[in-house]
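Visitor:
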Amino acid sequence: MRAFGYTVAGSPAEAVRIAASTPESTFVAGGTDLLNLMRDGAEAHDHLVDVNRLGIDGVAVDSRRLRVGGSARMRQVAEHPRVRREFPVLSEALLASASPQVRNMASIGGNLLQRTRCGYFRDAASACNKRVPGSGCPAITGHNRGHAILGGGDHCIATHPSDLAVALIALDATVHLLGPGGERAVPIADFYLLPGSTPDRETVMRPGELITWVDVPRTALAGRSRYLKLRDRATFEFAVVSVAAALRTSGRVVQDVRLAFGGVGTRPWRDTQVEAALRGRPLTGQAIAEAGRLLVRDAEPYEGNRFKVELVQRALVSILSDLGGLR
Amino acid sequence: MSGLVGQGVARVDGRAKVTGAARYAADNEVAGVLHGFLVMSTIARGEVVEIDTGAALAHPGVVAVYTHADMPRLKLPDFPFNRRFIPMQDTRVHHHGQPVAYVLAQTLEQAQEAANLVKVRYRAEHPVARMADVLDEAFLPEKFRNRPNEAARGDAAAALEQAEVRIDQTYSSPMQHHNPIEPHTTTAVWEDGTLILYESTQGVVFARNAVAFAFGKGRESVRVISPYLGGGFGAKGPTYPHTLLTAAAAQLAGRPVKLVLSRAQMYTSNGHRAEYRHHLRLGATRQGMLTAIVDTSTAQVTRVEENIYNGSDSTLRLYACPNVHVRQLGVRLDLPTSSYMRSPETTAHFGLETAMDELSYELGIDPVELRIRNHTEVDQQSETGQAYAGKQLLECYRAAAEAFGWARRSPRPGVTRDGDEYVGWGMATETHTYGVIPSQVHLAIGPDGRATLRAATQEIGTGTYTVLTQVVAEGLGMPLGHVTTLLGDTAYPEASLSAGSSTMPSVAGPAADAARRARDAVIALAVADPRSPLLGVPAEEVVTENGHLFARGDRDRRDTYRNVVTRHGSAVEVTGRQDNTAGHSFGAVFLEVRIQPRLGRLRVTRVVTAHDLGRVLNRRTARGQVIGGVTWGIGFALMEHTMVDPNTARVVNPNLSTYLVPVCADTPSVEALFVDRSEPDGKLLGVRGFGETPGTGVPAAIGNAIYHAIGRRLRDVPFTPDKLL
Ligand SMILES: Cc1cc2nc3c(=O)[nH]c(=O)nc-3n(C[C@H](O)[C@H](O)[C@H](O)COP(=O)(O)OP(=O)(O)OC[C@H]3O[C@@H](n4cnc5c(N)ncnc54)[C@H](O)[C@@H]3O)c2cc1C
Ligand code: SF4
Chain A
31 MRAFGYTVAG SPAEAVRIAA STPESTFVAG GTDLLNLMRD GAEAHDHLVD VNRLGIDGVA
91 VDSRRLRVGG SARMRQVAEH PRVRREFPVL SEALLASASP QVRNMASIGG NLLQRTRCGY
151 FRDAASACNK RVPGSGCPAI TGHNRGHAIL GGGDHCIATH PSDLAVALIA LDATVHLLGP
211 GGERAVPIAD FYLLPGSTPD RETVMRPGEL ITWVDVPRTA LAGRSRYLKL RDRATFEFAV
271 VSVAAALRTS GRVVQDVRLA FGGVGTRPWR DTQVEAALRG RPLTGQAIAE AGRLLVRDAE
331 PYEGNRFKVE LVQRALVSIL SDLGGLR
Chain B
373 MSGLVGQGVA RVDGRAKVTG AARYAADNEV AGVLHGFLVM STIARGEVVE IDTGAALAHP
433 GVVAVYTHAD MPRLKLPDFP FNRRFIPMQD TRVHHHGQPV AYVLAQTLEQ AQEAANLVKV
493 RYRAEHPVAR MADVLDEAFL PEKFRNRPNE AARGDAAAAL EQAEVRIDQT YSSPMQHHNP
553 IEPHTTTAVW EDGTLILYES TQGVVFARNA VAFAFGKGRE SVRVISPYLG GGFGAKGPTY
613 PHTLLTAAAA QLAGRPVKLV LSRAQMYTSN GHRAEYRHHL RLGATRQGML TAIVDTSTAQ
673 VTRVEENIYN GSDSTLRLYA CPNVHVRQLG VRLDLPTSSY MRSPETTAHF GLETAMDELS
733 YELGIDPVEL RIRNHTEVDQ QSETGQAYAG KQLLECYRAA AEAFGWARRS PRPGVTRDGD
793 EYVGWGMATE THTYGVIPSQ VHLAIGPDGR ATLRAATQEI GTGTYTVLTQ VVAEGLGMPL
853 GHVTTLLGDT AYPEASLSAG SSTMPSVAGP AADAARRARD AVIALAVADP RSPLLGVPAE
913 EVVTENGHLF ARGDRDRRDT YRNVVTRHGS AVEVTGRQDN TAGHSFGAVF LEVRIQPRLG
973 RLRVTRVVTA HDLGRVLNRR TARGQVIGGV TWGIGFALME HTMVDPNTAR VVNPNLSTYL
1033 VPVCADTPSV EALFVDRSEP DGKLLGVRGF GETPGTGVPA AIGNAIYHAI GRRLRDVPFT
1093 PDKLL
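Protein sequence lines, in the order shown, are assigned to chains A and B.
Quick note on numbering: our numbering labels position 43 of the first sequence as 73, and the sequence is numbered without any gaps.
Quick note on numbering: our numbering labels position 447 of the second sequence as 819, and the sequence is numbered without any gaps.
1. Put residue 515/B into one of helix, strand or coil per three-state DSSP.
2. Is it buried or exposed, residue 924/B, if we count other Cβ atoms within 10 angstroms and call 16 or more buried?
3. In angstroms with no decimal places, state the Cα-to-Cα distance between residue 937/B and residue 689/B.
4. How would you list, in chain order, the residues of chain A whose beta-carbon sits under 8 Å from the beta-carbon of residue 1022/B?
5. Quick one: residues in its chain with C-beta nearer than 7 Å to the C-beta of residue 116/A, no 5 flanking neighbours on either side, listed in chain order?
6. Residue 149/A CB to nearest chain B CB: under 8 Å?
7. By Cβ distance below 8 Å, which residues in the same chain neighbour residue 712/B in space, the five residues on each side in sequence not counted?
8. Below 7 Å between beta carbons is the criterion; list the residues of the segment 167-200 of chain A that meet it against any residue of chain B, in chain order.
9. Would you report the Cα separation of residue 223/A and residue 232/A, rounded to the nearest angstrom?
10. To the nearest angstrom, report how far apart residue 105/A and residue 502/B are at their CA atoms.
11. To the nearest whole angstrom, what separates the beta carbons of residue 307/A and residue 347/A, a pair I think is in contact under 8 Å?
12. Can a CB atom of chain B be found closer than 8 Å to the CB of residue 54/A?
13. Rank 573/B, 548/B, 460/B and 447/B by C-alpha distance to the C-alpha of residue 832/B and give the top, closest one.
14. Which same chain residues end up closer than 6 Å to residue 662/B when comparing Cβ atoms and leaving out the 5 residues on each side of it in sequence?
15. Give the residues of chain B in contact with residue 314/A, contact being defined as C-beta atoms less than 7 Å apart.
16. Could you say if the segment 153-169 of chain A and the segment 65-72 of chain A meet the contact criterion of at least three C-beta pairs nearer than 8 Å?
17. Could you say which of 221/A, 79/A and 262/A lies nearest to residue 190/A if we only look at CA atoms?
18. Do residue 129/A and residue 359/A count as a contact pair if the criterion is CB distance below 8 Å?
19. Whole-angstrom Cβ separation of residue 292/A and residue 226/A, contact assumed at under 8 Å?
20. Could you pull out every unbroken alpha helix (DSSP H) segment of at least 4 residues lying fully inside the segment 817-849 of chain B, listed in chain order?
21. Indicate whether at least one CB of chain B lies closer than 8 Å to the CB of residue 262/A.
22. Measuring alpha carbon to alpha carbon, tell me which residue in 783/B, 749/B, 725/B and 718/B is nearest residue 736/B.
23. My guess is that residue 596/B and residue 776/B are in contact by the Cβ rule of under 8 Å, so how many angstroms apart are they, rounded?
24. Would you call the segment 629-640 of chain B in contact with the segment 1017-1026 of chain B, where contact means no fewer than 3 C-beta pairs closer than 8 Å?
25. Are the CB atoms of residue 983/B and residue 1000/B nearer to each other than 8 Å?
26. Tell me, please, whether the CB atom of residue 345/A is closer than 8 Å to any CB atom in chain B?
27. Buried or exposed: which applies to residue 787/B, given that a residue is buried once 16 or more other Cβ atoms fall within 10 Å of its Cβ?
28. Relative to the alpha-carbon of residue 1125/B, which residue among 399/B, 483/B and 1057/B has its alpha-carbon at the smallest distance?
29. Restricting to Cα atoms, I'd like to know which of 238/A, 150/A, 63/A and 99/A is closest to residue 54/A.
30. Residue 267/A versus chain B: which residues are under 7 Å apart at the beta carbon?
31. At a Cβ threshold of 8 Å, is residue 417/B touching chain A?
32. Let me confirm a value: residue 522/B is counted as buried when at least 16 other C-beta atoms fall within 10 Å, else exposed. Which label applies?
33. How about residue 658/B: is its Cβ closer than 7 Å to a heavy atom in ligand 3?
34. In chain B, which residues lie with their C-beta within 8 Å of the C-beta of residue 71/A?
35. Taking the Cβ atom as the reference point for each residue, do residue 86/A and residue 118/A lie within a distance shorter than 8 Å?
36. Round the Cβ separation of residue 813/B and residue 863/B to the nearest angstrom and send it over; I've been treating them as touching at under 8 Å.
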């Protein structure tokens, strides 16, 4: 790891200003991902701007929304009583992430911007289009158990690892950004990019932009949400497949439903067609099975991750059956 | 006697370890030390063509960058150096992650960054990385450490042909890594031609011998110091290139050098458990008596080494069977050489114990009953029919089965449900060989009445300090706190490796012998000392307790170790020796799994073990070993897996965030029972080696429980969720 400079910023505006005027700089919050990436040679920065003391670390719920600061800790959000009650999928997704120690350190902004766990990406001596554009994607012919079956292509098939992002997508959250060009808000469904031929670009963020807040609308649907995470060991491990779901039914009929998936897509995955297929229909095993088949209609599995095609459909059945009281 | 041996005495070094007072190898601050960092090859096969060290040398703090052109020529030591080449002696590259340059800098960070700046140009050849691609090239390697790779008794082929019932299956396990928490580390200090190494090693004597040989030095001019290890699991048993290269770098630089391997570097520097395929055929009578075992295994070896570390000992010896043929084949890949890893025999034992379960279903005989029918009291490989002395395996089956409630098990697979989970019960025998390494210890009782034991064996984390302290304190009749044990230094008498389950059977006897001799010597001084109240008491009439010496018949006639030795004027010093014989220890594991097959979810929910380890020296440390063994067994069965890229032969998951090992939530509490009876052949204390036995049966027991739960027979570990769907 190269030596780097370090400045603690005191406000969002100051953080953005320092970053804009310091070449090869980036923000650091908990450092739980960034420092590993720098040590492994997957990223290099000459200067880090500490964003832990910007006053954007609150968690607040009012009548319309939940507002979470970009520097709020994962633990703070996960354990907030109103988040637990009114946005259970967020709390469950966070509590299923990493370990208590990491959650004490790690921020919400950092969580949304963590990089893929693809082993080739994190190994500076391997080829990888995401790390070195044009160098190739060894995962396609190599180890790809952890990789995506949806949204990939010849350039990159890495999954985005955040559980929180999956949950936020199911709840129609909005990400607020502050950058040299001012403030803007991006619906989280539009926040992450497909890899296409530029897998090094993962989000719509522009250089020097800071995540200040994440807003989640407070709806009845959010209160009826859950997170299901399947993985290779009991805790402290990323998802093989995960599903965030929110469901509102009247009688047996689906009034509204939100679904998002982790571990299967090159970005936290939402497919509105799948939701549309369920909306207005009675929630039956058959309806869920059809929705599941729709979800994987364009799946492109590889040798190591073929099982995800089946597993994600079963995960969908399981979570909707639970939420809909089918068992 | 104070009856200390056998008690669950708390670790004497526990406080030092948890408070950070214990100095591990890399904790040593050596004046003027330079920090080393290795530059590793980024091809798996080929030649180094050119190394450009310019940018690295220009980096702040960098003192030197050595390449093969600079390194002194070293002599290739035999085992314990288990590679057949020393890196940086020539341009050849044998595997990914092989040292090609050695950077020295003032700080670790400077050395690390400079290592990134070294540019190496290679002529690369295409590596072979996958065993499956070259299985047809499997061959029978030469003997390794005097052990042949083929063994037979009777006529296994004919017996298999004629068997009433046959099982013919293939089992497999992937490459796995030891992953001790403390990384490998060496600090090399040359002083007037002698070399001191602060090392994390499971064998200071082994390491010293290998290093002395490589540098063409007498053993007396090398000293290796390793008082504590943060785990080893076999990875620190052999001596590895980084140790030799660090000593060489320190010699070239004329300054002490400290090297700590990075976690990723440990995946190519210190061996691993070789990928392994196991074709196993069992023949049996309808009554379940084994008549034939044909066992052909294939393990990864390299182009330059053909050592097989995962022995088929359990197939050869565990059950009574007149006709056995074992062949251990190798397949050459462009990977680092493998090595011993945590209970090496687990690999073959997993196949055997799974096959036994399959046979039990084939025959409709309970798996415990099947094992009892094939139980043997004689060593199956001994031509003279040598009987095992005091083998308590049958008692282990009985005790563990009863504690587990095995009698309530309905054998039918896939019928026991609890909510949305299927419940399965499985069992397996546990066994491992243990070695014995001739060992001596030095014991001194000073004028302060305190005893100090010295031995060049190690504390690998299992409790060696504690148990030896107990043995000596009990033997002398002293309080535990009056005995200090010093380990891990070649300045002490040569003693066992901390590997091959050999420490306790090798060193406990000498420690007990030393205590007896020292006690006798002090008693002899006392009864001959006109100033002692014990003057004239017959030596055999003197008892020792709690640091005191008494006349048996008249407890008012008493003296103390302290007074006797003080009056004597100098310490009483003795050397303890006691040869022992190698052998086996045994046990049984019973466990429960709960599975949601729809989602591929599995939990191990209950584990009961019973072990026969001869005499239990410390119930607490023995139990710790069982918990550790079971935990690693769960890792072996459910998740551990080193992934090698099929095209480049480079490890893809060289870190603990992607190489999964069990966490607490994967590991239920373990009920560990012991059949605590002295081993008649285990001299003096009746101990057996036990380190590697617990856990050997766990992978098969989990697979057997999965079959019982959902009726699916899994034969390839790890049993990841996709295999349960
Ligand atoms: C062992 C381990 C296991 C894990 N398991 C999981 C898991 O199961 N599920 C899961 O979801 N995650 C998991 N994680 C990832 C963890 O959640 C992330 O590392 C963490 O959330 C990152 O937050 P941080 O504050 O430490 O970010 P940092 O490491 O400080 O930063 C990460 C990135 O975000 C940028 N950044 C940080 N804050 C801002 C901001 N406000 N605005 C703009 N950019 C910003 C940084 O520049 C950097 O690029 C795991 C991590 C570890 C180490
Ligand atoms: S999947 Fe993406 S991140 Fe992984 S190696 Fe390919 S390009 Fe790199």
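Glycine residues also receive a C-beta, built at the ideal position from the N, C-alpha and C atoms.
Since the structure is predicted, the reported quantities are computational estimates derived from the model, not experimental observations.
Guide: According to the structure shown:
1. Coil.
2. exposed
3. 51 Å
4. Ordered by position in chain A, the residues that pass the 8 Å Cβ test against residue 1022/B are 153, 155 and 156.
5. 91, 248, 252 and 253
6. yes
7. 606, 609, 610, 643, 681, 871 and 872
8. 168, 171, 172 and 173
9. Distance from the CA of residue 223/A to the CA of residue 232/A, rounded to the nearest whole angstrom, comes to 5 Å.
10. 43 Å
11. About 14 Å separates the two Cβ atoms, so there is no contact after all.
12. no
13. 573/B
14. 656, 691, 693 and 746
15. The contacting residues do not exist; residue 314/A stays about 17 Å from chain B at best.
16. yes
17. 221/A
18. No answer is possible for residue 359/A: it lies beyond the span of chain A, which begins at 31 and ends at 357.
19. About 20 Å separates the two Cβ atoms, so there is no contact after all.
20. 836-848
21. yes
22. 783/B
23. About 45 Å separates the two Cβ atoms, so there is no contact after all.
24. yes
25. no
26. yes
27. exposed
28. The structure shown does not extend to residue 1125/B, since chain B is modelled only from 373 to 1097, so the question has no answer here.
29. Scanning 238/A, 150/A, 63/A and 99/A for the CA closest to the CA of residue 54/A turns up 238/A.
30. Chain order gives the chain B residues near residue 267/A as 1032, where near means a beta carbon separation below 7 Å.
31. no
32. exposed
33. Among the ligands present in this structure, namely ligand 1 and ligand 2, ligand 3 is not found.
34. Neighbourhood of residue 71/A in chain B, by CB distance below 8 Å: 488, in chain order.
35. no
36. Actually they do not touch by this definition, with Cβ atoms about 13 Å apart.
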